[in-house]
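Student:
Numbering (the working numbering), first residue to last: 1 to 142.
Put into structure tokens, the structure is as follows:
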């Protein structure tokens, strides 16, 4: 892969094929090569971040998905997956903020119905969990 848009696109397509075949490690390896040559390649950042969430590597996923959000702040999928990765890491406040941002950016778009449902449930659960943790921190007698 050189800094050649055609080769980068070909490698992104190859990685996507590996994803379809269930070969996530190979796909991730190719996306990493693309990112090394083209650090702001949205497709590679997004897809690598998604693979890392699936593989249970949320800390690394956050890095790639955060960069992707910086490239395209209007893509609801990025916020949802970034929220999920932060949630996996136990960063509940950050996850809550990102789920809310997903809901704002998705703007009740029909294509996002399943994700909207999941995000609304996550927001409700996180709000309750965070309320409970804040109550536990209050001194006794208040």
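Heads up, the beta-carbon is just placed ideally off N, CA and C, and yes, glycines get one too.
Cα-Cα, which of 24, 48, 95 is closest to residue 118?
Tutor: On the chain shown, residue 118 is found 118 positions in, with the first residue counted as 1. Selected option, being the one with the closest Cα: 95.
Student: Measuring alpha carbon to alpha carbon, tell me which residue in 98, 25, 16 is nearest residue 126.
Tutor: Counting from 1 along the chain shown, the entry for residue 126 is found at position 126. Closest by alpha carbon: 98.
Student: What are the start and end residues of the alpha helix (DSSP H) that includes residue 91?
Tutor: The count along the chain shown starts at 1 and reaches residue 91 at position 91. Looking at the DSSP string, residue 91 is not in any alpha helix (DSSP H), and its letter there is neither H nor E.
Student: Going by beta carbon distance, what residues of the same chain come within less than 7 Å of residue 152, once the five residues before and after it are set aside?
Tutor: Residue numbering for the chain in the displayed model covers 1 to 142; residue 152 lies beyond these limits and cannot be assessed.
Student: In three-state terms, what does DSSP make of residue 55?
Tutor: Stepping through the chain shown from its first residue, residue 55 is reached at position 55. Coil, per DSSP.
Student: Does the pairing of the stretch 54-64 with the stretch 73-91 give three or more beta-carbon distances under 8 Å?
Tutor: Enough Cβ pairs lie closer than 8 Å, so yes.
Student: Between which two residues does the alpha helix (DSSP H) carrying residue 24 extend?
Tutor: In the chain shown, residue 24 corresponds to position 24, counting from 1. Segment 24-37, the alpha helix (DSSP H) holding residue 24.
Student: With DSSP collapsed to three states, give me the class of residue 107.
Tutor: Sequence index remark: in the chain shown, residue 107 carries index 107 (1-based). Residue 107 falls in the coil class under three-state DSSP.
Student: Relative to the C-alpha of residue 43, which residue among 55, 54, 30 is closest?
Tutor: Within the chain shown, numbered from 1, the residue matching residue 43 stands at position 43. Looking at the Cα atoms, 30 is the closest of the given residues.
Student: Taking the alpha carbon of residue 39 as the point to measure from, which residue in 8, 22, 25 has its own alpha carbon closest?
Tutor: On the chain shown, residue 39 is found 39 positions in, with the first residue counted as 1. Residue 39 has its Cα closest to that of 8, out of 8, 22, 25.
Student: Let's test the definition: count the other Cβ atoms within 10 Å of the Cβ of residue 49 and tell me whether it reaches 16, buried, or not, exposed.
Tutor: Working through the chain shown from its first residue, we reach residue 49 at position 49. Under this definition residue 49 is a buried residue.
Student: Name the residue from 121, 90, 77, 122 whose alpha carbon lies nearest to the alpha carbon of residue 112.
Tutor: Taking the first residue of the chain shown as 1, we reach residue 112 at position 112. Residue 112 has its Cα closest to that of 77, out of 121, 90, 77, 122.
Student: Which residue from 87, 4, 105, 90 puts its Cα closest to that of residue 69?
Tutor: Numbered from 1 along the chain shown, position 69 holds the residue referred to as residue 69. Answer by Cα proximity: 105.
Student: Taking 8 Å as the threshold (C-beta atoms), are residue 54 and residue 14 in contact?
Tutor: Here the question's residue 14 lines up with position 14 in the chain shown. Here the question's residue 54 lines up with position 54 in the chain shown. Not a contact, by the Cβ cut-off of 8 Å.
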